[in-house]
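Enquirer: Residues are numbered in the working numbering as their position in the sequence shown, beginning at 1, plus a constant of 18. Where a beta carbon is used, it is the ideal one built from N, C-alpha and C, also for glycine. Source: prediction; values computed, not measured. Let me give you the structure first, and then I'll get to my questions.
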Amino acid sequence: MVSLPILNRIPVSAAFGQIFPTPKRWAIGPPTTWVHRSIGHVELTGAVGLGYNQGMTHIPLYGTTHPAQTGAAREQVPKRSLLELTQEEMTDYVKSLGQPAYRARQIWDWIYKRYAADFASMTNLPAALRARLDAEATVSPLTPIAEVVSADRNTQKVLFQLPDGQSIEAVLMLYERRRTLCISSQAGCGMGCTFCATAQGGLARNLTAGEIVAQVLYFARYLATPHAPPAMEVDRPTHVTNIVLMGMGEPMHNYKNVWTALRRLTDPEAFGLGARHITLSTVGLIPMIDRMAEEGLQIGLAVSLHAPNDEIRSQLVPINRRYPVAELLAAVQRYIEKTHRRVTFEYALMRGINDSPELALELAQKLKPLLCHVNVIPLNPIPDSPYQPTSDTETRRFVQILNENGVPATVRLRRGIEINAGCGQLRRAMAA
Ligand code: SF4
19 MVSLPILNRI PVSAAFGQIF PTPKRWAIGP PTTWVHRSIG HVELTGAVGL
69 GYNQGMTHIP LYGTTHPAQT GAAREQVPKR SLLELTQEEM TDYVKSLGQP
119 AYRARQIWDW IYKRYAADFA SMTNLPAALR ARLDAEATVS PLTPIAEVVS
169 ADRNTQKVLF QLPDGQSIEA VLMLYERRRT LCISSQAGCG MGCTFCATAQ
219 GGLARNLTAG EIVAQVLYFA RYLATPHAPP AMEVDRPTHV TNIVLMGMGE
269 PMHNYKNVWT ALRRLTDPEA FGLGARHITL STVGLIPMID RMAEEGLQIG
319 LAVSLHAPND EIRSQLVPIN RRYPVAELLA AVQRYIEKTH RRVTFEYALM
369 RGINDSPELA LELAQKLKPL LCHVNVIPLN PIPDSPYQPT SDTETRRFVQ
419 ILNENGVPAT VRLRRGIEIN AGCGQLRRAM AA
């Protein structure tokens, strides 16, 4: 991390330029406050906007150089992430340090029950052990490099940097009773959906199980810390209530690591969130849907459908050429028969592409036999894309046709549109 005094010594515009070397989409006004000095980042408030998405109220810039731009950072050997370890592996590791086995349980609880961000806060560990752990390991493998809060202060998006310089996004959405976290499963994505910002950069790599878990722990820590910046509108409860794997990446394409993370997140001995409060979204990798049906964990399944027939869907979701609509719906039927769980279909409405009444009727006829619900989603538009969102009137009509033909459907609130809350959008804007 660059120390804040260094940032203080250079003009804000220069600091900004160091972090985002070509900030042509960014307009930034004079900073009015510098806060959070103790945790090493600065907050800029005032006239701040993000190019084509004006309306943002708040862009804290973390006091780090962008590791992707510093060769030295890349050459550093990453510390061992303890989030990759099972309880047994944690015990082995602690013993390898010459410590008694019960220290493993103490560290485990600090990570998963008290959301510790570092070893210094693990106050029941001996100081020498804390120093040794700090030298060679980490419990915070993700570095937040940008953070944006929506104008209504109900949605917060964080861009994280991974130890190898890749970046991923996660979004926290505050509702009256829920605190829903949308997390990423891959850095980038190889599925190539034509309406998606993440697809445009392709797949960099799978996230490790620890990197998936780390996103949740970051926000759990934020929610559990009274008055932690940034301020948000709704009073914060102290825990994450729901998780959706709908961020960057196709979770079924990183199956092993995703399910290792899901077991950690649902394990009462670890993070302990009820499986029914977690939803995994897929574009429809059929063999993995069949595999998920055998997992015995009550994780919800959401399928990104976006069209009722192969002709349109193959244009939007290229993997449809391999797993066409009829075979996908048959796999969903098998899943329902096996798990007795209702499946959600995601349907992003795009003007003139997949939003006609005829297509709504075709969709209803195909989904009616299934125990399902349709989330109709107004498209989060991305710059330079041919796809535009459907009007509110047409959206309501689409939903009405589904409902009148026996398929439960609702419009999902579009959250954080002005902060690039659609998956991959903040990362893309930052790179522009
Ligand atoms: S919509 Fe999802 S599966 Fe498709 S490219 Fe984007 S991240 Fe990947």
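From TYR133 to ILE304, what does the alpha carbon distance come to, in whole angstroms?
Expert: Translated into the one-based positions of the sequence shown, residue 133 becomes position 115. Translated into the one-based positions of the sequence shown, residue 304 becomes position 286. Using only the alpha carbons, I get a separation of about 36 Å.
Enquirer: Out of LEU101, LYS97 and VAL95, which one is the CA nearest neighbour of ARG282?
Expert: Counting from one through the sequence shown, the residue named residue 282 turns up at place 264. Comparing Cα positions, the closest option is LEU101.
Enquirer: For my contact list, VAL167 and PRO248 are in at a C-beta cut-off of 8 Å; report their separation, rounded to the angstrom.
Expert: Residue mapping note: residue 167 aligns to position 149 of the sequence shown, counting from 1. Residue mapping note: residue 248 aligns to position 230 of the sequence shown, counting from 1. Contact holds; Cβ gap of about 5 Å.
Enquirer: Closest by CA to THR271, which one among ARG369, THR256, SER299 and TYR353?
Expert: As a position in the sequence shown, residue 271 is number 253, starting the count at 1. The displayed chain sequence assigns His, not Thr, to residue 271. Among ARG369, THR256, SER299 and TYR353, the Cα nearest to that of HIS271 belongs to SER299.
Enquirer: Rounding to the nearest angstrom, what Cα-Cα distance links HIS295 and VAL350 in this structure?
Expert: Within the sequence shown, the letter at position 277 stands for residue 295. Within the sequence shown, the letter at position 332 stands for residue 350. Their backbone Cα atoms lie some 20 Å apart in a straight line.
Enquirer: Check ARG223 in the structure and name its three-state DSSP category.
Expert: Counted from its first residue, the sequence shown places residue 223 at position 205. In the structure shown, ARG223 sits in a strand (DSSP, three-state: E or B).
Enquirer: Inspect the beta-carbon positions of ALA276 and LEU291 and report whether they are closer than 8 Å.
Expert: For the purposes of this step, residue 276 is taken as the residue at position 258 of the sequence shown. For the purposes of this step, residue 291 is taken as the residue at position 273 of the sequence shown. The question names Ala, but residue 276 in the sequence shown is Val. Contact flag unset, no.
Enquirer: Using DSSP with H/G/I as helix, E/B as strand and the rest coil, what is PRO244?
Expert: By one-based count along the sequence shown, residue 244 stands at place 226. PRO244 falls in the coil class under three-state DSSP.
Enquirer: Quick one: what's got a C-beta closer than 8 Å to ASP152's C-beta in the same chain, skipping five residues either side?
Expert: Indexing the sequence shown from 1 puts residue 152 at position 134. Excluding positions up to five away in sequence, the list reads ASP136, PHE137 and ALA138.
Enquirer: Compute the distance between the beta-carbons of GLN233 and ILE201, then report whether it is under 8 Å.
Expert: Here residue 233 is taken as the residue at index 215 of the sequence shown, counted from 1. Here residue 201 is taken as the residue at index 183 of the sequence shown, counted from 1. In this structure, ILE201 lies closer than 8 Å to GLN233 by Cβ.
Enquirer: For the region 403-418 against the region 368-376, are there 3 or more C-beta pairs whose distance is under 8 Å?
Expert: The answer is yes - the region 368-376 touches the region 403-418, with three or more Cβ pairs under 8 Å.
Enquirer: Return yes when at least one heavy atom of the ligand SF4 lies under 7 Å from the C-beta of VAL301, else no.
Expert: In the sequence shown, the residue the question calls residue 301 occupies position 283. Yes, since a heavy atom of the ligand SF4 falls inside the 7 Å radius drawn around the Cβ of VAL301.
Enquirer: How would you call VAL343, buried or exposed, if buried means at least 16 neighbouring beta carbons within 10 angstroms?
Expert: The residue you call residue 343 lines up with position 325 of the sequence shown. That one is buried.
Enquirer: Tell me, to the nearest whole angstrom, how far the beta carbon of THR362 is from that of GLY318; I am working on the premise that it is less than 8 Å.
Expert: Along the sequence shown, read from residue 1 onward, the residue named residue 362 stands at position 344. Along the sequence shown, read from residue 1 onward, the residue named residue 318 stands at position 300. So it is a contact: roughly 7 Å between Cβ atoms.
Enquirer: Give me the Cβ distance between LEU389 and ILE419, rounded to the nearest whole Å; I'm assuming they're in contact under 8 Å.
Expert: Here the question's residue 389 lines up with position 371 in the sequence shown. Here the question's residue 419 lines up with position 401 in the sequence shown. Not really, about 20 Å apart at Cβ, beyond 8 Å.
Enquirer: Please state if the CB of SER203 and the CB of PRO162 are separated by a distance shorter than 8 Å.
Expert: In the sequence shown, the residue the question calls residue 162 occupies position 144. In the sequence shown, the residue the question calls residue 203 occupies position 185. Cβ atoms of PRO162 and SER203: not closer than 8 Å.
Enquirer: Does the Cβ-Cβ distance between LEU385 and VAL335 come in under 8 Å?
Expert: Position 367 of the sequence shown, counted from the first residue, corresponds to residue 385. Position 317 of the sequence shown, counted from the first residue, corresponds to residue 335. Against a cut-off of 8 Å, the Cβ pair of VAL335 and LEU385 comes out as no contact.
Enquirer: Short of 6 Å in beta carbon distance, which residues of its chain neighbour TYR130, apart from the five on each side in sequence? Order them along the chain.
Expert: To locate residue 130, count along the sequence shown from 1; it is residue 112. Answer for TYR130: ALA288 and PHE289, listed in chain order.
Enquirer: Alpha carbon to alpha carbon, how far is LEU323 from ASN393? Give it in angstroms, no decimals.
Expert: Taking the first residue of the sequence shown as 1, we reach residue 393 at position 375. Taking the first residue of the sequence shown as 1, we reach residue 323 at position 305. When rounded, the distance between both Cα atoms is 10 Å.
Enquirer: Buried or exposed: which applies to PRO181, given that a residue is buried once 16 or more other Cβ atoms fall within 10 Å of its Cβ?
Expert: Here residue 181 corresponds to residue number 163 of the sequence shown, with the count starting at 1. Buried.
Enquirer: Should GLY116 go down as buried or exposed, given a rule of 16 or more other Cβ atoms within 10 Å for buried?
Expert: Numbered from its first residue, the sequence shown carries residue 116 at position 98. Looking at its Cβ environment, which holds fewer than 16 other Cβ atoms inside 10 Å, GLY116 is exposed.
Enquirer: Going by DSSP, name the residue or residues bridged to GLY318.
Expert: Position 300 of the sequence shown, counting from 1, holds the residue named residue 318. Bridge partners of GLY318: THR297.
Enquirer: What are the start and end residues of each continuous beta strand (DSSP E) run of 3 or more residues lying completely inside the region 310-396, in chain order?
Expert: Entirely contained in the region 310-396, the beta strand (DSSP E) runs reaching 3 residues are, in chain order, 318-322, 361-367 and 390-396.
Enquirer: Ignore the nearest five residues each way along the sequence and tell me which others in THR141's own chain have a CB closer than 7 Å to its CB.
Expert: Taking the sequence shown and counting its residues from 1, one reaches residue 141 at position 123. There are no such residues.
Enquirer: With THR256 as the anchor, note down where its beta strand (DSSP E) starts and where it stops.
Expert: Numbered from its first residue, the sequence shown carries residue 256 at position 238. No beta strand (DSSP E) contains THR256, which DSSP labels as neither H nor E.
Enquirer: Excluding the 5 residues flanking ASP110 on each side, which residues of the same chain have their C-beta closer than 7 Å to its C-beta?
Expert: Here the question's residue 110 lines up with position 92 in the sequence shown. Contacts found: none.
Enquirer: Under a Cβ-count criterion, where at least 16 other Cβ atoms within 10 Å of its own Cβ denotes burial, should ARG197 be classed as buried or exposed?
Expert: Position 179 of the sequence shown, counting from 1, holds the residue named residue 197. Buried, since its Cβ has 16 or more Cβ neighbours within 10 Å.
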